[in-house]
Amino acid sequence: MNRNDNGATAVQAAPPRNDPDDKEVPRRKILINVVALGGLALSLIAGIMVDAPTLWGLLPIALYAVLALLGMDIMVATVVAIISAFLILLPPPDAVGDVLGESVGDQITIIGLIIMLGAGLAEVLRATGVAGTIVRAIMRTVGEKNRTAVTLGVMLSCLILVAALGTLAGALAIAVPLLLPIAARMGFTRSATASMIFIGGCAGLALAPFAGSNVAIMDAAEVSYLQYLLYGAGPLAVLSLVMGLLVVPWMQRRTMHDDDFYDATELGALDHQSTQSSKRATAIFLVALVASIVYATITSAGTTFPLLALPTLAIVTGLAGGLTPPKIAAQIYDGAASLISVFLLFWLLAVLFAAINLIEPFTVILDSYGGKLGGLSPFVFALAIALLGWVGIPGATAAQVVLLDQVFGGLAATVGVGAGSWVVVLLFASKADTYGPFPNANMIGAMGLARSLNLRNMLITGWLLLIPSTVMYAAIIFFETR
Numbered sequence: 001m002n003r004n005d006n007g008a009t010a011v012q013a014a015p016p017r018n019d020p021d022d023k024e025v026p027r028r029k030i031l032i033n034v035v036a037l038g039g040l041a042l043s044l045i046a047g048i049m050v051d052a053p054t055l056w057g058l059l060p061i062a063l064y065a066v067l068a069l070l071g072m073d074i075m076v077a078t079v080v081a082i083i084s085a086f087l088i089l090l091p092p093p094d095a096v097g098d099v100l101g102e103s104v105g106d107q108i109t110i111i112g113l114i115i116m117l118g119a120g121l122a123e124v125l126r127a128t129g130v131a132g133t134i135v136r137a138i139m140r141t142v143g144e145k146n147r148t149a150v151t152l153g154v155m156l157s158c159l160i161l162v163a164a165l166g167t168l169a170g171a172l173a174i175a176v177p178l179l180l181p182i183a184a185r186m187g188f189t190r191s192a193t194a195s196m197i198f199i200g201g202c203a204g205l206a207l208a209p210f211a212g213s214n215v216a217i218m219d220a221a222e223v224s225y226l227q228y229l230l231y232g233a234g235p236l237a238v239l240s241l242v243m244g245l246l247v248v249p250w251m252q253r254r255t256m257h258d259d260d261f262y263d264a265t266e267l268g269a270l271d272h273q274s275t276q277s278s279k280r281a282t283a284i285f286l287v288a289l290v291a292s293i294v295y296a297t298i299t300s301a302g303t304t305f306p307l308l309a310l311p312t313l314a315i316v317t318g319l320a321g322g323l324t325p326p327k328i329a330a331q332i333y334d335g336a337a338s339l340i341s342v343f344l345l346f347w348l349l350a351v352l353f354a355a356i357n358l359i360e361p362f363t364v365i366l367d368s369y370g371g372k373l374g375g376l377s378p379f380v381f382a383l384a385i386a387l388l389g390w391v392g393i394p395g396a397t398a399a400q401v402v403l404l405d406q407v408f409g410g411l412a413a414t415v416g417v418g419a420g421s422w423v424v425v426l427l428f429a430s431k432a433d434t435y436g437p438f439p440n441a442n443m444i445g446a447m448g449l450a451r452s453l454n455l456r457n458m459l460i461t462g463w464l465l466l467i468p469s470t471v472m473y474a475a476i477i478f479f480e481t482r
């Protein structure tokens, strides 16, 4: 195979390649199909031989976890798990229809709808210039005279924007192009810049009041947003900022001799200008956001409140930013439509858990092992579930929270794990894998936006956050469960 000067590829009697990866993919697909078909066959046998309540109801969850860990698409894995549950139940067709219909209004499905509406709001904030105005205002407030101030400003910019939009990738995609020229002018390396972007963004995601995973945590633990901040997200955000002020300078010293600096010519001009309409829209958005959070906290508004708050924020902000009602509707639709698959996933999860509840495996567990669980230390139980969620529960973060709570929430209450500890367990279980120990999409995304290619340094950044946050949360759980 030869490559011409213009980049075209000419094919010539190329020798055969024996790439192990070429064989690995078909083998994995075969394994996945065998596991799926074997699990469904076993479910049918169980459905014929036993009646609910039965421990066989745990089979769909186990099958779901194994298939997801093997690499099956999460949507397909969920469908397979649903079929497994129905094979164990063997219900008449009209009963299956009832489960499918009732699941549309389930709390789990509502979380998927909230995630879609959050994406719609993000599009409006982008179109009105609110996101850029927030970033510029923070950097002017903190200052750009020294590296410490810029480090704090970049982290706060990412934190606030991610918290406001409720999405990490979308918010950072807006903020980072505005922040890179500042980092380049201050002489930060690419790795150090990626570290501050990653740390600030992840802290903001934990704080986001209307992010799907956070709404799921508050719903599962039955706490308000203020309690959620107090128990879990607030300590993580504070720890992240403090550690960031230590990690970023250390990363800068580590990489300053590696020719890891930016070329200012590729970053464009540094622009701090905002229009009057974007400033007005930003002020209106921030006031409306704070008012929504305060109202939800005072009235203990439930999971459904974001269904009203998010479209209202989008409409008010869009009008303040000069968008016409049709344009606002189009922006909301564009953002929401990009995540329709998430909504479908959560509806399918609601169907899965409704079917499993009909099989009643947890009733059997409580009847058989309730006494033993009652003697288990709440601290040990909480740590075990947090670690299990970190390493072993598949799916997106919000789905992960729902799955953990559905499987272990009742047992946690039986053991004596309180609401505060359960918030910490679910937050750690759903967020810890963002920091390590392995590479993940959030790390790669922050690296890509910062134009960094050093994955090792990003992993080190994650570990330097993961270790102290693990110790901190273990201490919180210990004191909460005493």
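Just so you know, the UniProt record's numbering puts 357 at position 357 of the sequence shown, and the rest follows in order with no gaps.
Glycine residues also receive a C-beta, built at the ideal position from the N, C-alpha and C atoms.
In this text, all values refer to a predicted model and were calculated from it rather than measured experimentally.
Name the two residues that bound the continuous alpha helix (DSSP H) containing residue i.
i, result
"Tyr435", "419-435"
"Tyr231", "That residue, Tyr231, is in no alpha helix (DSSP H); it is neither H nor E in DSSP."
"Phe479", "455-480"
"Phe305", "305-320"
"Thr414", "397-415"
"Phe353", "340-359"
"Ala122", "107-128"
"Ala81", "74-89"
"Arg280", "276-299"
"Glu102", "93-103"
"Asp334", "325-337"
"Leu159", "147-165"
"Pro53", "First-last for Pro53: undefined, no H or E at that position."
"residue 486", "With the chain covering 1 to 482 only, the question about residue 486 has no answer from this structure."
Report the three-state DSSP secondary structure of residue i (helix, strand or coil).
i, result
"Phe210", "coil"
"Thr141", "helix"
"residue 483", "A question about residue 483 goes unanswered here, because the residues of the chain that appear run from 1 up to 482."
"Thr189", "strand"
"Leu270", "For Leu270, the predicted structure reports a pLDDT of 49, less than 50, and the residue's modelled location is therefore unreliable. The matter cannot be settled from this model."
"Phe438", "coil"
Is it right to say residue i is buried, meaning 16 or more other beta carbons lie within 10 angstroms of its own, or is it exposed?
i, result
"Glu480", "buried"
"Ile115", "buried"
"Ser213", "buried"
"Leu270", "Because the pLDDT of Leu270 is 49, which lies under 50, any placement of that residue in the model is unreliable, and the number read from its coordinates should be weighed accordingly. Exposed, since its Cβ has fewer than 16 Cβ neighbours within 10 Å."
"Gly71", "exposed"
"Pro306", "buried"
"Lys431", "buried"
"Glu222", "exposed"
"Glu123", "buried"
"Tyr64", "buried"
"Gly47", "buried"
"Phe86", "buried"
"Trp390", "buried"
"Ile298", "exposed"
"residue 484", "Outside the displayed span of the chain (1 to 482) sits residue 484, for which this structure offers no information."
"Asp433", "buried"
"Ile138", "buried"
Is it the case that the Cβ atoms of residue i and residue j are separated by a distance below 8 Å?
i, j, result
"Ile30", "Ala398", "no"
"Ala450", "Val176", "yes"
"Ala192", "Gln276", "no"
"Met196", "Gly244", "yes"
"Met458", "Met447", "yes"
"Val130", "Thr282", "yes"
"Met218", "Tyr228", "yes"
"Gln400", "Phe353", "no"
"Ala220", "Leu426", "yes"
"Val423", "Ile108", "no"
"Ala206", "Ala233", "yes"
"Leu117", "Ile83", "no"
"Ile32", "Leu67", "yes"
"Leu239", "Ser469", "yes"
"Ala163", "Gly204", "yes"
"Phe379", "Phe285", "no"
"Ala36", "Val96", "no"
"Ala386", "Phe428", "yes"
If contacts are defined as beta-carbon pairs under 8 Å, then residue i and residue j qualify, I think. What distance do you get, rounded to the angstrom?
i, j, result
"Ala314", "Gly120", "6 Å"
"Val99", "Trp347", "11 Å between Cβ atoms; not a contact."
"Leu161", "Ala171", "4 Å"
"Ser300", "Thr133", "About 32 Å; that fails the 8 Å criterion."
"Thr151", "Val248", "5 Å"
"Ile359", "Thr54", "6 Å"
"Gly200", "Leu156", "7 Å"
Would you say residue i touches the ligand ATP, meaning its beta carbon is less than 7 Å from a heavy atom?
i, result
"Ala441", "Summarising the ligand content, the structure contains no ligands, and the ligand ATP is consequently not present."
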